[in-house]
Every structure is written in C-alpha cells, then in structure tokens.
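Everything on this sheet refers to the single structure shown next.
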Amino acid sequence: MIDIGTLKEPIYVTRPLLPSLQKLNSQFSEVWDSKWLTNNGLQQKRLEKQLKDYLNTENIVLFNNGTMALLLGLKSLNLAGEVITTPFTFPATVQALDWNGLTPVFCDIEPDTLTIDVTKIEALITEKTSAILGVHVFGNPCDVLKIQEIADKYDLKVIYDGAHVFGTMIKGKPIGSFGDMTMFSFHATKLFHTIEGGALTFKDQSLVMKLNQLKNFGLVGQEEVVLPGLNAKMNEIQAAIGLETLKLVDEERARRHEIKIEYEQHLANVPGIRVITKLEDENSSYQYFVIEIDECLFGQSRDWLLEQLQQYNVFSRKYFYPLCSDFAWYKHLKSSQPKNLPQAQKTVKGVLSLPYYGELELTSVLTICEIIKKLQVTTVSVAL
Ligand code: T4K
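Converting from the sequence shown to this note's numbering requires adding 526 to each position, the first position being numbered 1.
Shown next as structure tokens:
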C-alpha cells in the first residue's frame, strides 16, 4: 500500500542539474588563476566549441541568457513590422519582439504539441509580415517543414524559440538546423544550464561577427562602435558551470526518460488526464512533463488540482499562464481576440507541468500519481 500522506519535503516542478562542487572548484580555480572573468574568456570559448559539437551546428554564439539571445538574434536579422508567433509561450518570446519594435501577430496553437498551428499561419500574413517566430513548447518541436514551406512561399525569415529543446533531433537532424535561427535557454531550470545563459545557432555565417558585436556594445576593438548593441556576454563562471553540467546531460536525459515512462504508466487510465509530453524520440530534451485536465471528465479544474497538490507538498506549475495575447499592451490587437485563439484559450486553462527532473525518485512519481488518482476518485464520489 502506498502512503499518500503529505510528502515530507516539498517537491518542486524542477530542480537544477548540479555538478559536484569539487569539480566546479577546479574549474573556478582556473578562472581565478587567469584573473579573466568575462569578455570572451577561455571558458566561454571552450563551452562554445563543445556546444557547437554537441548541438551539431555550423554557427553558435553564447549569451548571458536566452532572452537576450533572442532579442539580439531578432535584431541581427533586421526585421520590421509584424512577426507571426503564438500566445502560448513564456513572456520572454514576445518581449524580445517588443524590444525590437516588432508587433506580434498571434496565431493559434494545435492541440497535440501546443506549438503554432501551421494551418492558420497563412491567413495572418500581410505585407507587413517579416518573420515567423515558432516556439518549440515543452520540448515538442513545431512542424518545421511546413513552416519553412510557408516562409519560402512568402519570403519570410524563420526564428525558433528553442528554450526547451536542448539537444532535440528531428528525424535525425539537430533541431537548431531548421529555420534561420534558433535560441536555446541555459537557465537553471533547463535540461542543460549555466545558471543563466543562452545561445543562438544559425545558418548565415556572416552573423557570427554581427552577433558578437551586438552582445558587446557594438564595439569593434577599443575605439569603434559600429552597432547599437547591448551587454549580453556570458561570463567565465557561467561558462565553467556549463562545461561541468554538459558532462551530466546525457545521463539526466536518460533518467528523465525513465520518469516519463513511470508517470505515463500510472496516469494512463485516470479519467480526464491527458499526457501532453509524448515525444518518443530518445533525443528529446524531456524538458517538462505536462498533463491536460479535462474538467468535465476529471470532475474538477486544473487550478483546483494545482491547489490540492500543494496541500500534499507537490508544487506543480501552470506554464504558460496567462497567454501573452492577454497582456495589457497586446489585448487591443485583432489577433489577440479570444475568438481567434480558441485552442490557446482552452489549453491555457487546462495544462499543468508536474515535477520533472532527474533526481526525482520513482517512488515520488508514484506517490504524485496516487495523489492525483485519489483526488479524482474523491471528486467523482462527492459529485455522485
Ligand atoms: N522562451 C521560453 C519558451 C521560455 O520558457 C523561457 C524561459 C525563455 C524564452 C527565456 O529564457 P531565459 O532568458 O530564462 O534563459 C522559469 C525560468 O526562469 C525561465 O527561464 C523559464 N523559461 C520558465 C519556463 O521558468 P519561473 O518564474 O517559473 O521560475 P521559478 O523561479 O519559479 O522556478 C521554478 C521552480 O524551479 C521553483 O519552484 C524551484 C525550481 N528552482 C528554480 C530556480 C531558479 C530551483 O530548484 N532552483 C533554482 O535556482 O521561470
């Protein structure tokens, strides 16, 4: 019999992958000895090289976080006017558009992967459209082939927010090789991290120099400023942490695969629960484990379940709530009208990210599933 009393320690939606302090200390000593702490240092160059290999990409530039990577990546492409994207994402995606003076045009999402609904993109294209910004949500890739087909037809750039898809492959090809550019986030909550950090991978080699200038005040040498840049450099401590974390990523991914199977087994027959994260590819990032609650079948709402789980010390999250189209400064847009985004409106009320990280014990996964089952059964019996 499983004890489904309150868990002793809180279980959070994620926990960072932590290399041993001893190993980090030896990396840090090298940084200390060099007295070189940031500005394109040795650790950053090493990490860049290793990530170039790991992500199997031609071109990569590292940044201090994913948001700045995306913001400056968009800047480097000289976009103007409107960019078609989705409202079901983290605020950073659309804020990167904002800071470039670009207007988001919100496209609905499709129910299986929660990524942009490619059947609805063409209707949103106007003479002002300059790009499509797709988001690979929770580790599920967009329909990259269809998006490229549309972009080619209308001569649009394609940028991906790949914050959640570190190391993902699509039919044997690295996910960063699709579109013109992909942003990866290396935040502490991501599969691979540098505490804060990010990268761009991209096709056009000439952008390497431009992006390196953009992230360093637009400086060339000490006396020339050629672009309106910013400070978005990855520092040496971030890079040193990345070098150690990268060694642990494959094991972490394998562990998350096991946890995913455990969750799926135990949640398979719970009425009103659908598992969203269903990528089978062994190269998936397994970034989040997400379920959708059908209020009618489950008997209670997603928000109710989230609150009940907290009583048991389980801290799930309702990523991505609220929809970006509901932000005060976007509400007036035609594309933000709820009637134009029926699937996103439904999804944002129904999905829940459950605790998911390599260190999570399988017994805890079982306990979480048992709590959910118990809550469901109790709900139904009360209703009867
Ligand atoms: N695009 C997309 C689609 C994104 O999801 C994100 C970021 C971005 C762009 C931007 O990339 P970055 O600029 O961040 O590189 C977190 C992350 O801060 C954010 O990076 C991430 N997406 C987003 C989905 O989640 P919060 O507000 O949920 O974080 P927080 O502090 O509530 O942490 C969540 C849980 O993680 C905590 O309950 C416990 C655990 N945790 C967290 C931290 C920071 C730890 O155990 N240790 C830690 O150090 O945003």
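Note that CB positions come from ideal geometry on N, CA and C, so glycine has one too.
Model, not experiment: these values are computed from the prediction.
{"Item": "Alpha-carbon spacing of M760 relative to N738, whole angstroms", "Value": "11 Å"}
{"Item": "Among E885, G705, C895, nearest to L543 - alpha-carbon criterion", "Value": "E885"}
{"Item": "Residue environment, A516, which counts as buried when at least 16 other CB atoms sit within 10 Å", "Value": "The requested residue 516 is not part of the displayed model; the chain covers only 527 to 910."}
{"Item": "Reference I685; option with closest CA among D730, T720, V877, K786", "Value": "D730"}
{"Item": "CB contact flag (I898, V796, <8 Å)", "Value": "yes"}
{"Item": "Reduced DSSP secondary structure (H/G/I, E/B, other) of V691", "Value": "coil"}
{"Item": "F824 (DSSP reduced to helix, strand or coil)", "Value": "helix"}
{"Item": "Cross-strand partners of K683 (DSSP beta bridge)", "Value": "A657"}
{"Item": "Proximity of I787 and F554 at Cβ, strictly below 8 Å", "Value": "no"}
{"Item": "Where the beta strand (DSSP E) containing E778 begins and where it ends", "Value": "Run containing E778: none in the beta strand (DSSP E); it sits in the alpha helix (DSSP H), 775–793."}
{"Item": "Nearest-angstrom Cα separation, counted from V891 out to V539", "Value": "12 Å"}
{"Item": "D687: CB within 7 Å of a non-hydrogen atom of the ligand T4K", "Value": "yes"}
{"Item": "Any C-beta of chain C under 8 Å from that of W625", "Value": "Although the question refers to chain C, the structure presented lacks it and comprises just one protein chain."}
{"Item": "Beta-carbon proximity list for E750, same chain, < 7 Å, skipping 5 on both sides", "Value": "none"}
{"Item": "Nearest neighbour of P613, chosen from Q871, G755, Y883, T904 [CA to CA]", "Value": "Q871"}
{"Item": "Selection from G665, E784, I767 that minimises the alpha carbon distance to Q548", "Value": "I767"}
{"Item": "Residue span of the beta strand (DSSP E) that contains A725, given as start and end", "Value": "724–728"}
{"Item": "heavy atom of the ligand T4K below 7 Å from T639 C-beta", "Value": "no"}
{"Item": "Candidates Q748, A765, N742: closest to P754 by CA position", "Value": "N742"}
{"Item": "Inter-residue Cα distance where the pair is Y680 and K773", "Value": "42 Å"}
{"Item": "Reduced DSSP secondary structure (H/G/I, E/B, other) of M527", "Value": "Its pLDDT being 46, under 50, M527 is placed unreliably in this model, and the coordinates cannot settle the point."}
{"Item": "G599 vs M707 beta-carbon contact at 8 Å", "Value": "yes"}
{"Item": "Collapsed DSSP secondary structure at S703 in the structure displayed", "Value": "helix"}
{"Item": "N738 - DSSP class collapsed to helix/strand/coil", "Value": "helix"}
{"Item": "Contact under 8 Å by Cβ, Y789 with L880", "Value": "yes"}
{"Item": "C-beta atoms of D687 and L596 nearer than 8 Å", "Value": "yes"}
{"Item": "CB of V644 within 8 Å of CB of I676, strictly", "Value": "yes"}
{"Item": "Length of the line joining the Cα atoms of T639 and L793", "Value": "18 Å"}
{"Item": "Contact under 8 Å by Cβ, V752 with G744", "Value": "yes"}
{"Item": "Beta-carbon proximity check, Y838 vs Y882, cutoff 8 Å", "Value": "no"}
{"Item": "Reduced DSSP category for E750 - H, G, I as helix; E, B as strand; rest coil", "Value": "strand"}
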